[in-house]
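2 protein chains.
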Amino acid sequence: MQLPSTLLENAVAQFSKLPGIGKKTALRLVLHLLKQDVDEVQLFGETIAKMRRDSRFCQRCHNISDGDICAICANSARNQKVICVVENIRDVIAIESTQQFNGTYHVLGGIISPLDGIGPDQLSIESLVNRIEAESVEELVFALSPNIQGDTTIYYIQKKMAHLSCRVTTIARGIAFGGELEYADEMTLARSIANRLPVQQYVK
Amino acid sequence: MQLPSTLLENAVAQFSKLPGIGKKTALRLVLHLLKQDVDEVQLFGETIAKMRRDSRFCQRCHNISDGDICAICANSARNQKVICVVENIRDVIAIESTQQFNGTYHVLGGIISPLDGIGPDQLSIESLVNRIEAESVEELVFALSPNIQGDTTIYYIQKKMAHLSCRVTTIARGIAFGGELEYADEMTLARSIANRLPVQQYVK
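Here the protein sequences line up with chains A and B, keeping their order.
The first sequence: position 115 = 154 (my numbering), numbered continuously.
The second sequence: position 20 = 59 (my numbering), numbered continuously.
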């Protein structure tokens, strides 16, 4: 695809770098912006650049934050003795939108995956263990991906905190709401039978 | 969806304004950019803003251009006596990528569509008619959308240039390559039969 202008070409190249956006979609987005006001597109560019430049991460839980400590960590109404361990910021947003969790978070920044070259040192595991010790945390809730890497990460962290008395739980695995039994994979179905709940508890 | 940072929220809001990008996709893109280098994201923002600020349109054919006259209009190897009339820049790019057209273009900026509030005055029709007259153009090839608005636009332009002797053609409508006859709509099939070609001409 030959583009008639270098400026257009550069803009399309920039959009094409984003995940899930190919050259055709990028062109559609750029031509859309071309029809907008100059000021509006200026604001678009500045907002994105500013977001990256000025974004900070909570020193305690590594969540994205406007200040040194994020709003969740700074909120005294939340149970600071319960930490939910997640891979990334998107997981925090997903769990927050359920409004079912009143504790705090710890963003690992990934999970242990030797094949992708991600070892424990690249993750914020040490700061998590220090935090559990310093703040005498009562419960650690793992909300990691249900795969071998996630399980490895849980195992590793548990070994690191073996000397600490802190309850360790993981979010429930099972058949999703609206999911069809016959299409569920064997592993999920097997676990959901093994970890079956009394009906009273389920409808609570 | 509650986001943990105002900077993040603003960036997501900006991306959500783009066509076909919802809040979840916008968040995915923003979190991707958050992981990139500050300089790279700065460049992203600047490239987009610069594209809008510095982009110019060819004074002759209204195509996007780096200068006053676009590369196609300035190219003396192209037949300047043949003009292909298209709705927008994307159509120019699509036709250019076929490498089958050696004339020039005229970008109308849309088609006549009273329901959307687009009348002939919002389109570059006057400059097209002037151009046909001034440059004694020999052929006008309409490559507009095959719908009632496209036909209206063709009809309107033809009336405007009734006093000029210029051959008027339109790109062929018919069954697309790879298209199945049984799934073609009646209108397309009917036209493709009415406008059937001698086989010699078809395989030329």
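Positions of the beta carbon are idealized from the N, C-alpha and C atoms, including for glycine.
Same chain, Cβ closer than 6 Å to residue i, five either side skipped, listed in chain order
{"i": "I134 of chain B", "result": "F140"}
{"i": "T191 of chain A", "result": "I151"}
{"i": "C97 of chain A", "result": "S104, I108, C109, C112"}
{"i": "H145 of chain B", "result": "C100, I122, V124, L167"}
{"i": "D160 of chain A", "result": "none"}
{"i": "V80 of chain B", "result": "L72"}
Residue burial classification, residue i (beta-carbon count within 10 angstroms, cutoff 16)
{"i": "N127 of chain A", "result": "buried"}
{"i": "T45 of chain B", "result": "exposed"}
{"i": "N102 of chain A", "result": "buried"}
{"i": "Q188 of chain A", "result": "buried"}
{"i": "S104 of chain A", "result": "buried"}
{"i": "G84 of chain A", "result": "buried"}
{"i": "T143 of chain A", "result": "buried"}
{"i": "P43 of chain B", "result": "buried"}
{"i": "N77 of chain B", "result": "Reading the sequence as shown, one finds Val at residue 77 of chain B and not Asn. So V77 of chain B ends up on the exposed side."}
{"i": "L57 of chain B", "result": "buried"}
{"i": "H202 of chain B", "result": "exposed"}
Partner residues on chain B for residue i, Cβ-Cβ distance less than 7 Å
{"i": "E105 of chain A", "result": "With the sequence shown as reference, residue 105 of chain A is identified as Asp, and Glu is not the correct amino acid for it. S44, T45, L46, listed in chain order."}
{"i": "H145 of chain A", "result": "Here the premise fails: no neighbours, minimum Cβ distance about 14 Å."}
{"i": "N114 of chain A", "result": "None at all; the shortest Cβ gap to chain B is about 11 Å."}
{"i": "A50 of chain A", "result": "T86, I87, M90"}
{"i": "E135 of chain A", "result": "Q41"}
Contacts that residue i makes with chain A (C-beta to C-beta distance below 8 Å)
{"i": "F83 of chain B", "result": "Q53, K56, G84, I87, A88"}
{"i": "Q139 of chain B", "result": "Residues of chain A passing the Cβ test: none, with the nearest at roughly 13 Å."}
{"i": "N102 of chain B", "result": "P43"}
{"i": "V77 of chain B", "result": "R91, R92"}
9 Å Cβ cutoff met for residue i and residue j
{"i": "E177 of chain B", "j": "R206 of chain B", "result": "yes"}
{"i": "I87 of chain B", "j": "A50 of chain A", "result": "yes"}
{"i": "L162 of chain B", "j": "L147 of chain B", "result": "yes"}
{"i": "D107 of chain A", "j": "R95 of chain A", "result": "yes"}
{"i": "R170 of chain A", "j": "I132 of chain A", "result": "no"}
{"i": "L73 of chain B", "j": "L47 of chain B", "result": "yes"}
{"i": "S204 of chain B", "j": "K120 of chain B", "result": "no"}
{"i": "S184 of chain A", "j": "I150 of chain A", "result": "yes"}
{"i": "I164 of chain A", "j": "I196 of chain A", "result": "yes"}
{"i": "C112 of chain B", "j": "R99 of chain B", "result": "yes"}
{"i": "V125 of chain A", "j": "A215 of chain A", "result": "no"}
{"i": "K199 of chain B", "j": "V238 of chain B", "result": "no"}
{"i": "S136 of chain B", "j": "Q41 of chain A", "result": "yes"}
Neighbourhood of residue i by C-beta distance below 7 Å, restricted to the same chain and skipping five residues each side
{"i": "F246 of chain A", "result": "Residue 246 of chain A cannot be examined here, being either before or after the span of chain A that is shown, 40 to 243."}
{"i": "E219 of chain A", "result": "none"}
{"i": "R117 of chain B", "result": "I111, N141, G142, T143"}
{"i": "L236 of chain B", "result": "none"}
{"i": "E172 of chain A", "result": "L203"}
Residues that residue i contacts on chain A, provided the C-beta gap is smaller than 9 Å
{"i": "R117 of chain B", "result": "What R117 of chain B touches in chain A: nothing, since even the nearest Cβ is about 13 Å away."}
{"i": "L73 of chain B", "result": "M90, R91, S94, I103, I128"}
{"i": "V80 of chain B", "result": "I87, A88, M90, R91, R92"}
Contact set between residue i and chain B, taken where Cβ atoms lie within less than 8 Å
{"i": "V132 of chain A", "result": "With the sequence shown as reference, residue 132 of chain A is identified as Ile, and Val is not the correct amino acid for it. Those within 8 Å of I132 of chain A in chain B are M40, Q41, L42, P43, L66."}
Contact list for residue i against chain A, beta-carbon separation under 7 Å
{"i": "L70 of chain B", "result": "I128, R129"}
Partner residues on chain B for residue i, Cβ-Cβ distance less than 9 Å
{"i": "R111 of chain A", "result": "Note that residue 111 of chain A corresponds to Ile in the displayed sequence, not to Arg. Correct list: P43."}
Contacts around residue i, its chain only, beta-carbon distance under 8 Å, and the 5 residues preceding and following it disregarded
{"i": "M90 of chain A", "result": "none"}
{"i": "R230 of chain A", "result": "R212, G213"}
{"i": "L228 of chain B", "result": "I214, L220"}
{"i": "I210 of chain A", "result": "V180, F181, A182"}
{"i": "T208 of chain B", "result": "E178, L179, V180, F181"}
{"i": "P153 of chain A", "result": "none"}
{"i": "D224 of chain A", "result": "none"}
{"i": "I232 of chain A", "result": "none"}
{"i": "G17 of chain A", "result": "Within the shown structure, residues of chain A are numbered from 40 to 243, placing residue 17 of chain A beyond reach of any answer."}
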